[in-house]
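Student:
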Amino acid sequence: MSEERLPGPRAVGDSFLTLWRQGTLFEIVWTSLERGLLGFLAALAIGTPLGLVVARVPFVRAALGPVLSGLQSLPSVAWVPAAIMWFGLTDTAMYTVILLGAVPSIAVGLVSGIDQVPPLYLRAGRTIGATGLRGARYIVLPAALPGYTAGLKQGWAFSWRSLMATELIASSPDLGVGLGRYLANSREAIDLPGVFFGILLILAVGVLIDLVVFSPLERRVLRSRGLR
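Start counting the sequence shown at 17; every next residue gets the next number (the numbering used here).
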């Protein structure tokens, strides 16, 4: 296959050198990474209590459970046009898409984890007076950690994909150039090596976050359960 369709390592490396010499490589990566992390933390703050309420309150579960499952299966890119129409080409639009993509995954992961908590734990908690918020903090959430951790990992994946989809579509000088925008700019310039370098950067950030954050967290949770 010709390099016009599949650029070789040298051509992709030249794209790296170009950004390095321009001094924009870390700025591009950090622009996206900062947005992704802030959006994920916001989704965590919303999805955790939401998942707890859905899991523990039957009528809320009946009303919101199917909605959360439906939102989880909806491609995040579908929200981008609506978010831009609501908030314009702003960071608020980007964070909105991230939240709509990540919150359902985190909430559903917590619900799944709570569903797997042995009833004996809950009865023991009630016996020692650990009910309500106290029971949630000391009994339910610790026991639900394996499912919750899986939900967090999936929530980050949805956050990152949602952000990339938004950056690819939303273009404004006020938003700066993140990885998604760099990818779009390379496509518009018919710079295929730049496109592949952008893809590699997006992949590298996702893998790095998994190795640094979620893999150690999973190992710790499984080890605490005697599973590893």
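Virtual Cβ for every residue (Gly too), placed ideally from N, Cα, C.
1. For L84, collect the residues of the same chain with a Cβ closer than 6 angstroms to its Cβ; drop the 5 residues on either side in sequence, then sort them by chain order.
2. Could you pull the start and end residues of the alpha helix (DSSP H) that I206 belongs to?
3. Taking only runs that begin and end inside the stretch 19–84, name each unbroken alpha helix (DSSP H) of 4 or more residues, in chain order.
4. Could you pull the start and end residues of the alpha helix (DSSP H) that P120 belongs to?
5. Starting from the Cα of G117, find the closest Cα among L126, G24, S92 and give me that residue.
6. Determine the DSSP secondary structure at L90, reduced to helix, strand or coil.
7. Quick check: the stretch 204–215 against the stretch 53–67, are there 3 or more CB pairs under 8 angstroms?
8. Quick check: the stretch 94–101 against the stretch 38–47, are at least 3 beta-carbon pairs closer than 8 angstroms?
9. Would DSSP call V193 helix, strand or coil?
10. Within the same chain, show all residues whose beta-carbon is closer than 8 angstroms to that of R77, passing over the 5 residues directly before and after it, in chain order.
Tutor: Taking the geometry as given:
1. P120, A123, V124
2. First-last for I206: undefined, no H or E at that position.
3. 25–38, 41–72
4. 107–131
5. S92
6. coil
7. no
8. no
9. coil
10. V70, A71, V127
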